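Chemist:
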Amino acid sequence: MKPTFYVTTPIYYVNDVPHIGHAYTTVAGDVLARYKRLMGYDVYFLTGSDEHGQKVEKAATTAGETPLELADRVVKRFQALWERLGISHNDFIRTTQERHKNGVSSIFKKILDKGDIYLGEYEDWYCTPCETFWTETQLIEGRCPDCNRQVEKLKEESYFFRMSKYQDQLMAHIEANPDFIQPKSKRNEIISFIKEGLRDLSVSRTTFTWGIPVPGNDRHIIYVWFDALTNYITALGYPDESGNYGKYWPVDVHLIGKDILRFHSVYWPTFLMAAGLPLPKKVFAHGWWTVEGQKMSKSLQNVVEPNMLIDKYGVDAVRYFILREVPFGMDGDFSHTALVQRINSDLANDIGNLLSRSTAMAVKYFGGTLPAIGELTEIDQALKQKTVDMIEVVDKFIDELAFSKALQAIWEVISAGNKYIDDTAPWTLAKDPANSGRLATVMYCLLESQRITHTILSAFLPATSTKALASLGWNGAVTREGLAWGGLTAGTTITKTEALFPRIEE
RNA sequence: GGCGGUGUAGCUCAGUUGGUCAGAGCAAGCGACUCAUAUUCGCUAGGUCCGGAGUUCAAAUCUCUGCACCGCCA
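For the first sequence, the working numbering begins at 489 and goes up steadily by one.
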């Protein structure tokens, strides 16, 4: 039986439209999912939408539609973008779906019955746009410390989750599992947050109705984060533990933005503890994108719209850039010059041109039909070895979610290929028919190295990989077995196709 | 205010437990080749490793301090 791998993105809030930040997490998840599938795993890749809450309710009212109508409308934009970006999710959960609502009610009731959710009274300041409660001391001049907007004082009956009870258990878990929260700098922040003491968490609201009612008391709506976080198991069929839940839970990694780390590394694990369910294996918080050096914001009108980028530069260029430019976990800057630079240098000049010159020679010297090859010489062995070794290195980096390093490792093989051509000078060999055997061997090594490279790149640049492999005459399946040296055989037909990535002249 | 982090070539950054650690990629300059998307390959970087003090035979790497920037919490 195949090993399983479960990876999630956050579910995106329908009160926002998709931007590069959403695309970032989702592309990362997709690469991970595609990579693990390539390596033979039974992968479940989940994304979805978060559709409840006061903000959606209000926005819908303003727009003159029902909350669900608003959600339906916005969800389509996310789904259309994922389609364009080639996202290979297995499931898309919406919090308004029955399967989700049932699961949330069920886990809430379970914790309620256990006594870890209790009815109490709440008195605090609430910021509606942020869906966040603040204590008196947290306010800055009486306003929301996050968004600086008006807050309202709320005194209301509320259900509380006994989060304080799980403080020690959570801390013990984090200490026993160094990789549970990543990257490390973020882990330290969470540790210090917990050490300051966890208070019980209000997990219901009575100020709006757009959400999932508390079981047995429908005056109360379940807190949006309790609702939203639970998607990771309701999508697997929870509370039915026999199907996908039993197969895939606990999740291998929750990919998230750094802004929602606390919800995923404190709230969510303690909810699970209270429900007696296993904890996620890993929560990885990536960084934020600035745009041309500035913080992305609606008021600056510099929000990067992924569709526009795809129109202009192509899907794989965008996928490549966001994973290569910045180490996953760090903040980074998005700029058009940096993007164009990456495209021209890495994609057009390096990998694109390598395939172009290689296939052109195969066609020119052998009419596109790969001849039988001879013994590998030292230089051939070196290229082969470099290619083969790369696979292990990439595997290690992928496990660390070091996408940028993984791509660098792949590009070292690309560079080695370009250098190999210069060192072997096939055009010189081609001048003397006596060298045809040697020429065949050289061309073989060159093409085979790229076949393997493009096979592993299928996780990152699926469309490009398909084109490149077709050009290399590879009709076989793109699988782990295809990563072994020796896939190409005599008689394979090589064709020169249009450039994978045309240079962008500005 | 508390805790933590960062500050290394023009740019983005690597630099394990202190002793070839002064590096990589990109940009720039020079040279070579011609199969290729004027692409590739080779060579060229003398940068106070933020400032100052200290520990040590030896510090970018440890300690203290100052400055700048950032994150989490309050």
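C-beta: ideal position from N, C-alpha, C; glycine also.
These figures come from a predicted structure and were not determined experimentally.
Which residue spans inside the segment 690–745 form an unbroken alpha helix (DSSP H) run of at least 4?
Modeler: 712–717, 719–722 and 732–736
Chemist: Residue 581 by DSSP, collapsed to three states: which one?
Modeler: DSSP places residue 581 in strand when its eight states are reduced to three.
Chemist: Quick one: is residue 570 buried, meaning 16 or more other Cβ sit within 10 Å of its Cβ, or exposed?
Modeler: buried
Chemist: Which stretch, first to last residue, makes up the beta strand (DSSP E) that contains residue 649?
Modeler: 640–649
Chemist: Could you check what DSSP says for residue 575 in three-state terms: helix, strand or coil?
Modeler: Reduced to three states, the DSSP call for residue 575 is coil.
Chemist: Give the secondary structure of residue 966 by DSSP, where H, G and I count as helix, E and B as strand, and everything else as coil.
Modeler: coil
Chemist: Using three-state DSSP, classify residue 762 as helix, strand or coil.
Modeler: In the structure shown, residue 762 sits in a helix (DSSP, three-state: H, G or I).
Chemist: Of all the options 884, 869, 728 and 962, which has the alpha carbon lying nearest to the alpha carbon of residue 929?
Modeler: 869
Chemist: Per the DSSP calculation, residue 607 is bridged to which residue(s)?
Modeler: 647
Chemist: Considering only their Cβ atoms, is the gap separating residue 534 from residue 496 smaller than 7 Å?
Modeler: For residue 496 and residue 534, yes; Cβs fall inside 7 Å.
Chemist: Grouping DSSP H, G and I as helix and E and B as strand, with all else coil, what is residue 570?
Modeler: helix
Chemist: Note down, one range per segment and in chain order, each beta strand (DSSP E) of at least 3 residues found wholly within the segment 518–543.
Modeler: DSSP runs (the beta strand (DSSP E)) wholly in the segment 518–543: 530–538.
Chemist: Would the segment 733–745 and the segment 595–615 be scored as touching if the rule is three or more Cβ pairs under 8 Å?
Modeler: Counting Cβ pairs under 8 Å, fewer than three are found: no touch.
Chemist: Nearest to residue 507 by alpha carbon, out of 872, 779, 721 and 707?
Modeler: 779
Chemist: What does DSSP give as the partner residue(s) for residue 670 in the beta ladder?
Modeler: 772
Chemist: Three-state secondary structure (DSSP) at residue 499?
Modeler: strand
Chemist: Run through DSSP, which three-state label would residue 854 get?
Modeler: helix
Chemist: Would you call the CB atoms of residue 539 and residue 582 closer than 7 Å?
Modeler: yes
Chemist: Kindly indicate which three-state DSSP category residue 778 falls into: helix, strand or coil?
Modeler: Looking at residue 778 - three-state DSSP - the assignment turns out to be strand.
Chemist: Taking the alpha carbon of residue 990 as the reference point, which residue from 894, 846 and 802 has its own alpha carbon closest?
Modeler: 802
Chemist: What residue does the alpha helix (DSSP H) around residue 948 start on, and which one ends it?
Modeler: From DSSP, residue 948 is part of no alpha helix (DSSP H); its letter is neither H nor E.
Chemist: Return yes when the Cβ of residue 871 is within less than 7 Å of the Cβ of residue 908, no when it is not.
Modeler: yes
Chemist: Taking buried to mean at least 16 other C-beta atoms within 10 Å of its own C-beta, is residue 915 buried or exposed?
Modeler: Around the beta carbon of residue 915, a 10 Å sphere encloses fewer than 16 other beta carbons of the protein chains shown; the residue is thus reported as exposed.
Chemist: Enumerate in chain order the residues of its own chain whose CB-to-CB distance from residue 573 is below 8 Å, with the five nearest sequence positions on each side excluded.
Modeler: 511, 514, 515, 518, 794, 798, 803, 806 and 807
Chemist: Of the residues 926, 789, 751 and 956, which one's Cα is nearest the Cα of residue 842?
Modeler: 956
Chemist: Thinking just about the alpha-carbon of each residue, which of 937, 590, 748 and 918 is nearest to the one in residue 498?
Modeler: 748
Chemist: Can you tell me where the alpha helix (DSSP H) holding residue 905 begins and where it ends?
Modeler: 891–912
Chemist: Thinking C-beta only, is residue 761 closer than 7 Å to residue 654?
Modeler: yes
Chemist: Output the boundary residues of the alpha helix (DSSP H) element that contains residue 591.
Modeler: 586–602
Chemist: Let me check understanding here. Comparing Cα to Cα, which of 650, 651 and 616 lies closest to residue 638?
Modeler: It is 616 whose Cα lies nearest to the Cα of residue 638.
Chemist: In angstroms with no decimal places, state the Cα-to-Cα distance between residue 837 and residue 958.
Modeler: When rounded, the distance between both Cα atoms is 20 Å.
Chemist: Along the chain, where does the alpha helix (DSSP H) that runs through residue 821 open and close?
Modeler: Run containing residue 821: none in the alpha helix (DSSP H); it sits in the beta strand (DSSP E), 820–822.
Chemist: Over what stretch of residues does the alpha helix (DSSP H) that includes residue 880 continue unbroken?
Modeler: 866–887
Chemist: Do residue 822 and residue 791 count as a contact pair if the criterion is CB distance below 7 Å?
Modeler: no
Chemist: Look at residue 777 and residue 751 and say whether their C-beta atoms are less than 7 Å apart.
Modeler: No.
Chemist: Any idea which residues DSSP pairs residue 493 with across the strands?
Modeler: 531
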